[in-house]
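Under the numbering used here, the residues of the sequence shown are numbered 86 to 275, in order. All C-beta atoms, glycine included, are put in the ideal place defined by N, C-alpha and C.
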Amino acid sequence: MMRVLNEGGSSADALAATRTNDGANFKYRQLAVIRRSGELTCHTGTGCRDWAGHVVGDGWIVLGNSLASAGVLDAMAQAFCESAGAALWDRLLRALEAGRDAGGQSMADGRHTRERSAAIRVLADNLLPCFDLRVDLHQTAVEEARRLSKIIAAIETYNRLRGEHPPDTPAILDWESAHLNDPSVPNVLA
């Protein structure tokens with residue numbers, strides 16, 4: 086998929102290449118591609134665990150599988166759209182929170198499945214991560230992602246300041262004490 090996109094192929098070309106390369110396993114895949122141009126495509130395979138599907142909007146796609154219902158995706162889409170104007174990472178996290186609150190994931194027999202992981206990665210124009218967050222094997226992964234997002238956002242602000250205005254940038258420990266009121270953030274010199 087990435088090779089096709091890097092060579093200038095369309096999102097539909099990338100999806101077709103993945104279908105060809107994946108063969109019989111493609112029906113178990115759920116994929117979405119959004120190009121910087123806004124061109125998008127997605128696929129929810131017939132082998133994905135119920136409830137599975139996707140919702141496509143203007144420049145965005147919400148998708149999921151093993152969900153409690155279609156309402157999970159509807160809630161995610163609504164939260165994403167209602168948060169227009171916020172940072173992209175925050176909009177994505179709000180969508181995850183809304184999905185969790187609308188029922189989240191469940192087993193085929195309807196039993197609710199606890200959260201296990203949450204990840205958000207936003208790339209800048211130079212394809213370097215400007216927000217990179219992953220929580221794995223956590224009882225309340227989305228809640229933990231929200232807590233960590235506040236720390237990451239503050240550190241990213243510091244890194245931007247340091248890159249753009251080095252003489253005006255305080256020492257990292259001074260910055261942390263002024264901007265991070267989170268006792269779980271370790272003091273590297275303690």
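Next on the checklist: Let me check understanding here. Comparing Cα to Cα, which of Leu-152, Ala-193, Arg-196 and Leu-173 lies closest to Arg-185?
Outcome noted: Just measuring C-alpha positions, the residue of Leu-152, Ala-193, Arg-196 and Leu-173 sitting nearest Arg-185 is Leu-152.
Checklist entry - Can you name the start and end residues of the alpha helix (DSSP H) that Leu-181 belongs to? => result Residues 173 to 186.
Checklist entry - Who pairs with Trp-145 in a beta bridge, going by DSSP? => result Gly-142
Next on the checklist: I need the DSSP call for Leu-158, collapsed to helix, strand or coil.
Outcome noted: If DSSP states are grouped into helix, strand and coil, Leu-158 belongs with the helices.
Checklist entry - What residue range is occupied by the uninterrupted alpha helix (DSSP H) comprising His-250? => result No alpha helix (DSSP H) contains His-250, which DSSP labels as neither H nor E.
Checklist entry - Looking at the structure shown, is Asp-194 part of a helix, part of a strand, or coil, going by DSSP? => result coil
Checklist entry - Along the chain, where does the beta strand (DSSP E) that runs through His-128 open and close? => result Annotation: the continuous beta strand (DSSP E) that includes His-128 extends over 125 to 129.
Item to check | Strand pairing of Val-207, partner residues [DSSP] | outcome: According to the DSSP secondary-structure assignment, Val-207 is paired through a beta bridge with Phe-216.
Checklist entry - Bridge partners of Ile-237, per DSSP? => result Answer is none; Ile-237 lacks a bridge partner.
Item to check | Residue environment, Ala-275, which counts as buried when at least 16 other CB atoms sit within 10 Å | outcome: Low confidence applies to Ala-275: its pLDDT is 42, below 50, so where it sits in the model is not reliable, and the reading given next is rough at best. With fewer than 16 Cβ atoms within 10 Å of its Cβ, Ala-275 is classed as exposed.
Item to check | Member of Asn-106, Val-220, Trp-260 and His-264 whose CA lies at the smallest distance from the CA of Lys-235 | outcome: His-264
Next on the checklist: Relative to the C-alpha of Arg-104, which candidate in Ser-95, Leu-90, Gly-93 and His-128 has its C-alpha closest?
Outcome noted: His-128
Checklist entry - Using a beta-carbon distance below 7 Å, is Lys-235 in contact with chain D? => result As a matter of chain content, chain D is missing from the structure shown, which is built from one protein chain.
Next on the checklist: Less than 6 Å between C-beta atoms, sequence neighbours within five positions excluded: which residues of the same chain meet that for Met-161?
Outcome noted: Val-147, Ala-180, Ala-183 and Gly-184
Checklist entry - When the Cα atoms are used, what is the spatial distance from Ile-237 to Ile-205? => result 12 Å
Checklist entry - Under three-state DSSP, which class holds Ser-202? => result strand
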